[in-house]
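J.:
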Amino acid sequence: NAGVTQTPKFQVLKTGQSMTLQCAQDMNHNSMYWYRQDPGMGLRLIYYSASEGTTDKGEVPNGYNVSRLNKREFSLRLESAAPSQTSVYFCASSLRQGGSPLHFGNGTRLTVT
Amino acid sequence: GQQLNQSPQSMFIQEGEDVSMNCTSSSIFNTWLWYKQDPGEGPVLLIALYKAGELTSNGRLTAQFGITRKDSFLNISASIPSDVGIYFCAGLNSGGSNYKLTFGKGTLLTVNP
Chain V
8 NAGVTQTPKF QVLKTGQSMT LQCAQDMNHN SMYWYRQDPG MGLRLIYYSA SEGTTDKGEV
68 PNGYNVSRLN KREFSLRLES AAPSQTSVYF CASSLRQGGS PLHFGNGTRL TVT
Chain P
811 GQQLNQSPQS MFIQEGEDVS MNCTSSSIFN TWLWYKQDPG EGPVLLIALY KAGELTSNGR
871 LTAQFGITRK DSFLNISASI PSDVGIYFCA GLNSGGSNYK LTFGKGTLLT VNP
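Quick mapping for you: the protein sequence lines, in order, are chains V and P. Those letters in the first sequence? Residues 8 to 120, per our numbering, in order. Those letters in the second sequence? Residues 811 to 923, per our numbering, in order.
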C-alpha cells in the first residue's frame with residue numbers, strides 16, 4: 008500500500024503563478040488535511056476535510072483553496088503564489104475525525120521566488 | 811489557540827546515549843501523540859497515549875502521559891544513528907477532532923556515531 012501520496016515532490020514558482028498540489032490516499036480514510044511546515048513554526052493546519060464533500064478552514068487558510076475531489080483525493084491550490092508561501096506542504100489522512108492518528112505523505116517542497 | 815512547549819529544541823548526542831524530551835501545555839489534553847520525521851519525509855506516528863499516567867513502550871522508545879494531563883515525555887534508550895530526525899509531540903482535547911490537534915515545534919535529534 009502506498010499510504011498517502013503527494014505530487015509533485017518539489018516545485019519552484021514565480022510570484023503570482025498558480026499551481027495545485029495533489030494528494031491521494033489508499034487507506035479508505037474519511038478525513039484529510041493539509042499542513043504547512045516552516046522552520047521554528049512546527050506544523051500548521053491550512054484546510055481539512057472531515058468527510059467527502061466537506062471542507063473547512065484551519066489555522067492558516069489565507070491564500071489557499073482546497074477541493075475534496077472524492078474520498079481518495081484532496082488537492083490544495085495556490086491561486087497567486089507569494090514568497091510567504093515558500094514552505095513544505097504535507098497532506099495527511101485519518102480514518103475518522105477524532106481519536107484516530109494522522110498518516111502523513113512525504114511532502115511537497117515549494118519555493119516561490 | 812493552545813500552545814505546546816516542546817524542549818529541547820535540538821540535541822546532539824553520541825551513539826549509545828539515552829535521550830529525553832518533553833512537551834508541556836497550559837491546557838489539559840486527553841490524548842498525547844509522538845511523531846518522528848526523518849529527513850525529507852513526512853511525520854510517522856511513534857506512540858499514542860490516551861490515559862493520564864499511562865506509560866507506553868515501542869522498542870527502545872518509552873513515552874509517558876503526565877498525571878496532570880498537561881505534559882508528556884519521550885525517552886529513547888541506547889540511541890543509534892537512525893534515530894536522527896525531528897520528534898514532534900501533539901495533543902488533543904477530550905472529544906476533540908483531529909483538526910484541533912496541536913503540535914509542538916519539534917526536537918531535532920542528531921546522533922554522532
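Beta carbons: idealized from backbone N, C-alpha and C, even for Gly.
(1) Flag Gln26 of chain V as yes if its beta-carbon sits less than 9 angstroms from any beta-carbon of chain P, otherwise no.
(2) Pull the bridge partners of Gly901 of chain P from the DSSP assignment, please.
(3) From what residue to what residue does the beta strand (DSSP E) around Ala873 of chain P run?
(4) Once the 5 residues before and after Glu80 of chain V are set aside, which same chain residues still bring their CB inside 6 angstroms of it?
(5) Suppose contacts are defined by Cβ-Cβ distances below 9 angstroms. Is Arg43 of chain V in contact with Val19 of chain V by that definition?
(6) Over what stretch of residues does the beta strand (DSSP E) that includes Ala968 of chain P continue unbroken?
(7) Thr120 of chain V and Lys16 of chain V look like a contact to me (Cβ under 8 angstroms); what is the Cβ gap, rounded to whole Å?
(8) Got a sec: which bits of the region 96 to 120 of chain V sit with their beta carbon under 9 angstroms from any beta carbon on chain P, in order along the chain?
(9) Going by the DSSP bridge assignment, what does His126 of chain V pair with across the sheet?
(10) Grouping DSSP H, G and I as helix and E and B as strand, with all else coil, what is Gln816 of chain P?
(11) Determine the direct distance from the alpha carbon of Ser100 of chain V to that of Asn37 of chain V, and round the result to whole angstroms.
(12) Could you tell me the boundaries of the beta strand (DSSP E) in which Arg75 of chain V lies?
(13) How many Å lie between Lys936 of chain P and Asn903 of chain P at the Cα?
T.: Put simply:
(1) In the first sequence, counting from the first residue as 1, residue 26 of chain V sits at position 19. In the sequence under discussion, the amino acid at residue 26 of chain V is Met, which differs from the Gln named in the question. Not one chain P Cβ lies under 9 angstroms of Met26 of chain V.
(2) Working through the second sequence from its first residue, we reach residue 901 of chain P at position 91. Answer is P:Trp842 and P:Thr912, bridged to Gly901 of chain P.
(3) Translated into the one-based positions of the second sequence, residue 873 of chain P becomes position 63. That run of the beta strand (DSSP E) goes Leu871 to Phe875.
(4) On the first sequence, position 73 is the one that residue 80 of chain V refers to. Cβ within range, chain order: Ala31.
(5) Along the first sequence, read from residue 1 onward, the residue named residue 43 of chain V stands at position 36. Along the first sequence, read from residue 1 onward, the residue named residue 19 of chain V stands at position 12. No, they are not a contact pair.
(6) Past the boundaries of the shown model lies residue 968 of chain P; chain P is included only from 811 to 923, so the question cannot be answered.
(7) Here residue 120 of chain V is taken as the residue at index 113 of the first sequence, counted from 1. Here residue 16 of chain V is taken as the residue at index 9 of the first sequence, counted from 1. Not quite, the Cβ-Cβ distance comes to about 18 angstroms (not below 8 angstroms), so this is no contact.
(8) Phe97, Cys98, Ala99, Ser101, Arg103, Gln104, Gly105, Gly106, Ser107, Pro108, Leu109, His110, Phe111, Gly112, Asn113, Gly114 and Arg116
(9) Look at the range of chain V in this structure, 8 to 120, and you will see that residue 126 of chain V is not part of it.
(10) By 1-based counting over the second sequence, the position of residue 816 of chain P is 6. Looking at Gln816 of chain P - three-state DSSP - the assignment turns out to be strand.
(11) Position 30 of the first sequence, counting from 1, holds the residue named residue 37 of chain V. Position 93 of the first sequence, counting from 1, holds the residue named residue 100 of chain V. The straight-line gap from Cα to Cα measures roughly 8 angstroms.
(12) Against the first sequence, residue 75 of chain V aligns to sequence position 68. First-last of the beta strand (DSSP E) with Arg75 of chain V: Asn72 to Arg75.
(13) With chain P covering only 811 through 923, there is no way to say anything about residue 936 of chain P.
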